[in-house]
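Report on the following structure.
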Amino acid sequence: MTDDLLTALRAALPADTVATDDEVLASHSHDDAEWAAYGAPAAVVFATGVDDVSTAVRIAAERGIPVIPRGTGTGLSGGANATDGSLVISLERMTRILAVDAGERFAVAEAGVLNDALRRRVAEDGLWYPPDPASYRISTIGGNVATNAGGICCVKYGVTRDYVIGLTVVLADGRVAKLGRTTAKGVTGYDFVGLMVGSEGTLGIVVDVTVSLLPLGGREERAVVGYFAELSDAGRAVAAVTSAGIIPSALELIDRTCLNAVAQWQGWTLPDGAQALLLAMVDEAGARGDELAADIAGIFADAGGVDVRRADDPDEIDLLFAARRLAYPALERLGPVLAEDICVPRRAVPEMLARIEAAAAEEDVVIANIAHAGDGNLHPLIIAPEGDDDAKARAKRAFDRIVDDCRALGGTVTGEHGVGLLKLPGAAEELSPVVLDLHAAVKNALDPRGILNPGKAFPAAPASKGRS
Ligand SMILES: Cc1cc2nc3c(=O)[nH]c(=O)nc-3n(C[C@H](O)[C@H](O)[C@H](O)COP(=O)(O)OP(=O)(O)OC[C@H]3O[C@@H](n4cnc5c(N)ncnc54)[C@H](O)[C@@H]3O)c2cc1C
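For the sequence shown, numbering that gives the first Met the number 0 assigns the number 0 to the initial residue and increments by one for each residue that follows.
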């Protein structure tokens, strides 16, 4: 079967687009979720345009071979992990920005364009694409769409879904569908754009993305920084900012373990006794910005924050947020990381942080925390030393327990990384039988042979008996 697939792909696709050497297969067989299972793909197609994607999907579909769409593989849920004998279709060579319309405020980018490249290009025209996953320099816009990526400023400006207005998608039989609009509004037909966003490559392969944009100017950034001697105090400060009705443009939490990892890596020093750092930003201009920054500083201090201060210098703000962005790669240097992505109601952040600390103590595992705290989106990162099977088992127990605690507090198992493979058990608990039936029905309608990224994004549905 593999020989037949390769012969057909090589005959139909441009030279240098079909790779089968071991190194390429290995580096494209999984994403950044170190604990999720993966297999050995038969080949990787490096598509250079929509025709390559369509041809490759058609050839795979005719043979019933699973297709795994892939951006740059920065995913943290196993969503881009290959199965044995599958065909990986990489969009990473599709890096053209096809249009920027400053008057209508939209841009069209091929799926392999990095988030940062899109942001920089539209900034040249005085425009802003807000969704900013911490991976914005290394992840693709196609991957961001497929996972409905969130990010740091999403607490105020929303997630990827809020900006995607059109898509070109290759369907499971190789047909090409143009979905959505470029107008400011539009409700013609079902919202297939909305359906595709966050579908993790299971319903179609995104080849280009139309995003709406905001004007770049008019914002004045002020950061507020506070250290906390207790993680739960930082959690109380987050809940208090929300209940005061303040909507910061960022509210990020980094705990001691992450700060230490970044500090050791980058040669920084930390205040003694600090267990957590909260980084808030407001971007209102003038006196209103000053007022909000002062309010947040007051809330941090009331919740037990020490060394609470303002940072208005753009270079210092960049450095502080760099520490946040470096936290995950810094931790990966310490050992395999099992990354959670729970999202709880914001008022439940202090309680959830306390439960995470209890899980770490009682299961005897190291759990570091970074969080888009203003969204209630927490990333407990469970670290088990390489080769220590007992620690791995304890880490897995802690992972499951945190998912259960999150759901008990009214949360959801994944806020932004997607279900992929890692969150399938949690999603099976969270989604009712009727909702799982709906997933299966949609999948079956769009991909009846089940070739697009099978087994990802949602668990198999048990037969539903009318439960909601
Ligand atoms: C250091 C670090 C920080 C991160 N911070 C954040 C964060 O703040 N917010 C956040 O949301 N995520 C974050 N992530 C996770 C990850 O970067 C995002 O999920 C990102 O959207 C994945 O993009 P990618 O190009 O790497 O996609 P991949 O990992 O290659 O793929 C992700 C999923 O999308 C599918 N897919 C990819 N491209 C396409 C396509 N063109 N069409 C259809 N399906 C496709 C894949 O099959 C897979 O299911 C972070 C990851 C790292 C390593």
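All C-beta atoms in this analysis are idealised placements derived from N, C-alpha and C, irrespective of residue type, glycine included.
Inter-residue Cα distance where the pair is residue i and residue j
{"i": "R118", "j": "T146", "result": "18 Å"}
{"i": "D363", "j": "V343", "result": "24 Å"}
{"i": "G157", "j": "D21", "result": "40 Å"}
{"i": "V192", "j": "L337", "result": "31 Å"}
{"i": "D100", "j": "V107", "result": "9 Å"}
{"i": "L318", "j": "A260", "result": "16 Å"}
{"i": "S53", "j": "L170", "result": "8 Å"}
{"i": "I355", "j": "D301", "result": "23 Å"}
{"i": "A35", "j": "G419", "result": "9 Å"}
{"i": "R287", "j": "V223", "result": "15 Å"}
{"i": "V210", "j": "D388", "result": "45 Å"}
{"i": "L435", "j": "N80", "result": "22 Å"}
{"i": "Y327", "j": "V196", "result": "25 Å"}
{"i": "A228", "j": "G234", "result": "12 Å"}
{"i": "P458", "j": "I204", "result": "20 Å"}
{"i": "T270", "j": "A148", "result": "Per the sequence presented here, residue 270 reads as Pro, with Thr not at that position. Cα-Cα distance, rounded: 33 Å."}
{"i": "A357", "j": "P384", "result": "20 Å"}
{"i": "G142", "j": "T71", "result": "8 Å"}
{"i": "P313", "j": "C152", "result": "16 Å"}
{"i": "R324", "j": "A39", "result": "31 Å"}
{"i": "A394", "j": "I381", "result": "6 Å"}
{"i": "A296", "j": "L352", "result": "21 Å"}
{"i": "E315", "j": "R308", "result": "12 Å"}
{"i": "G417", "j": "T139", "result": "15 Å"}
{"i": "I96", "j": "D161", "result": "20 Å"}
heavy atom of ligand 1 below 8 Å from residue i C-beta
{"i": "N452", "result": "yes"}
{"i": "I341", "result": "no"}
{"i": "S28", "result": "no"}
{"i": "S134", "result": "yes"}
{"i": "P68", "result": "yes"}
{"i": "I204", "result": "yes"}
{"i": "E415", "result": "yes"}
{"i": "P328", "result": "yes"}
{"i": "K455", "result": "yes"}
{"i": "N368", "result": "no"}
{"i": "E199", "result": "yes"}
{"i": "I151", "result": "yes"}
{"i": "I137", "result": "yes"}
{"i": "R95", "result": "no"}
{"i": "D50", "result": "no"}
{"i": "G38", "result": "no"}
{"i": "L75", "result": "yes"}
Cβ-Cβ separation, residue j to residue i (assumed contact under 8 Å), whole Å
{"i": "D340", "j": "E415", "result": "6 Å"}
{"i": "R57", "j": "D172", "result": "7 Å"}
{"i": "G303", "j": "D232", "result": "4 Å"}
{"i": "A372", "j": "L277", "result": "7 Å"}
{"i": "A238", "j": "R345", "result": "6 Å"}
{"i": "L86", "j": "V112", "result": "At roughly 23 Å, the Cβ-Cβ gap does not stay under 8 Å, so L86 and V112 are not in contact."}
Are at least three pairs of beta-carbons, each pair with one atom in the region 348-368 and one in the region 240-257, less than 8 Å apart? When Cβ pairs closer than 8 Å are counted between the two stretches, the region 348-368 is seen to touch the region 240-257, the count reaching three or more.
Check whether the region 75-94 touches the region 431-440, counting contact only when three or more Cβ pairs, one atom from each stretch, lie closer than 8 Å. The region 75-94 is not in contact with the region 431-440.
Examine the Cβ distances between the region 25-38 and the region 159-169 and report whether three or more of them are shorter than 8 Å. The answer is no - the region 159-169 does not touch the region 25-38, with fewer than three Cβ pairs under 8 Å.
Would you call the region 192-212 and the region 235-245 touching, i.e. three or more CB-CB distances under 8 Å? no
Counting Cβ pairs, one atom from each stretch, are 3 or more of them under 8 Å apart for the region 175-188 and the region 394-408? Counting Cβ pairs under 8 Å, fewer than three are found: no touch.
Is the region 50-66 close to the region 10-19, with three or more CB pairs under 8 Å? yes
Is it a yes or a no for the region 124-140 touching the region 67-80, going by three-plus beta-carbon pairs under 8 Å? Counting Cβ pairs under 8 Å, three or more are found: they touch.
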